[in-house]
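Trainee:
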Amino acid sequence: PLVPPAFDFDRDQLEAAFKQHPKALILCNPSNPSGKVFTYEELKFISELAIKYDTFVITDEVYEHIVYEPYKHIYISSLPGMYERTISCSSLSKTYSITGWRIGYVIASPTVIERAKKVHDFLTVGAAAPLMEAAVVGLEFPDSYYKELKDHYTHMRDLFLGGLKDIGLKFTQPQGAYYVLVDISEFGHSDDLAFCEWMAGHIGVAAVPGSSFFKEDINDYIRFHFAKKDETLNAALERLRKLK
29 PLVPPAFDFD RDQLEAAFKQ HPKALILCNP SNPSGKVFTY EELKFISELA IKYDTFVITD
89 EVYEHIVYEP YKHIYISSLP GMYERTISCS SLSKTYSITG WRIGYVIASP TVIERAKKVH
149 DFLTVGAAAP LMEAAVVGLE FPDSYYKELK DHYTHMRDLF LGGLKDIGLK FTQPQGAYYV
209 LVDISEFGHS DDLAFCEWMA GHIGVAAVPG SSFFKEDIND YIRFHFAKKD ETLNAALERL
269 RKLK
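In terms of this note's numbering, the sequence shown opens at residue 29 and continues consecutively.
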């Protein structure tokens, strides 16, 4: 598991898990909910274990274009020996702000793709053709679009996190994606779900309990989503001041 507050992983613990010979490791990079972006050194270590123990890596990389300086997104499939054993899953939802369209894609070796096509056909047949045609327009956007996208999300992140800091709330600094985990341990709540329900009713701001993302019994975090208009973020911050 990724260990808070930095959400790094223990290398010995990870190798111990690989020694159990799993079929695959699932890697969310950039991570939801922590916003962690895995470094080259971390991905290299994971890839070496995957090769050593003959394990696939299934990635969730939907936030690949929402990464903040100085961090960089690296595809683990680009590392030596990993193309054949990586199944890269991504989506157009976040990059092009079309979350309701439910259009994504998989990048893998031809052998894996042939099998994935069969599973996809049995489960969904296919996405709506007009939406796929429209999605192609997005895929043809120039590189300048992705820079503007990053700049836009950087502005929202800095605005919201700056406000949280001014209020005095403790949080993890997201390196990518558009979420932030706030530490609520100072408020004395042992149930993050109950805290979120109380906050929605009494403060007027909604959040997601962090425990919904963890297998471990961790109840000290709530997740905020900051991909909102400036006026919405400022209004939320003004309400959150009531916590202090």
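Note that beta-carbon positions come from the ideal geometry of N, C-alpha and C, so glycine has one too.
The model shown is predicted, which means the values in this text are computed figures rather than measured ones.
For Phe-66 and Pro-58, what's the separation of their Cα atoms in angstroms?
Mentor: Going from the Cα of Phe-66 to the Cα of Pro-58 covers about 7 angstroms.
Trainee: Does the count of Cβ pairs from the region 230-250 and the region 159-174 closer than 8 angstroms reach three?
Mentor: As far as the Cβ criterion goes, the region 230-250 does not touch the region 159-174, which means the pair count is below three.
Trainee: Along the beta strand (DSSP E) that carries Arg-251, what are the first and last residues, could you check?
Mentor: Run containing Arg-251: 249-253, per the beta strand (DSSP E) assignment.
Trainee: Would you please state the rounded distance, in angstroms, between the beta carbons of Lys-51 and Phe-84? I believe it to be under 8 angstroms.
Mentor: At roughly 6 angstroms, the Cβ-Cβ gap stays under 8 angstroms, so Lys-51 and Phe-84 are in contact.
Trainee: Do Phe-35 and Ser-75 come within 9 angstroms of each other at the CB atom, strictly closer than that value?
Mentor: For Ser-75 and Phe-35, no; Cβs fall outside 9 angstroms.
Trainee: Report buried or exposed for Lys-64, applying the criterion of at least 16 other Cβ atoms within 10 angstroms of its Cβ.
Mentor: So Lys-64 counts as buried.
Trainee: Pick from Asp-194, Phe-242, Leu-221 and Lys-257: whose alpha carbon is nearest that of Leu-268?
Mentor: Of Asp-194, Phe-242, Leu-221 and Lys-257, the residue nearest in Cα terms is Asp-194.
Trainee: Counting only runs of 3+ residues fully inside the region 156-222, write out the beta strand (DSSP E) ranges in chain order.
Mentor: Within the region 156-222, the complete beta strand (DSSP E) runs of at least 3 residues are 207-211.
Trainee: Does the region 89-104 touch the region 221-230, meaning 3 or more C-beta pairs lie closer than 8 angstroms?
Mentor: No, the region 221-230 does not touch the region 89-104.
Trainee: How far does the beta strand (DSSP E) with Tyr-133 in it extend, from its first residue to its last?
Mentor: Start and end: 132-135.
Trainee: Look at Tyr-68 and Ile-94 and say whether their C-beta atoms are less than 9 angstroms apart.
Mentor: Going by C-beta atoms, Tyr-68 is not nearer than 9 angstroms to Ile-94.
Trainee: Can you tell me the Cα-Cα spacing of Gly-132 and Pro-98, whole angstroms?
Mentor: When rounded, the distance between both Cα atoms is 27 angstroms.
Trainee: Quick check on this structure: which residue in Tyr-206, Asp-38, Ser-239 and Cys-224 has the alpha carbon closest to the alpha carbon of Asp-186?
Mentor: Taking only the C-alpha atoms, the option nearest Asp-186 is Tyr-206.
Trainee: According to the neighbour-count rule (16 or more other Cβ atoms, all chains shown, within 10 Å of its Cβ), is Phe-223 buried or exposed?
Mentor: Counting Cβ neighbours within 10 Å, Phe-223 comes out buried, since at least 16 surround it.
Trainee: Report all residues from its chain with a CB closer than 6 angstroms to the CB of Ile-86; omit the five preceding and five following residues, and keep chain order.
Mentor: So the list reads Ala-52, Ile-54 and Ile-115, once near-sequence residues are dropped.
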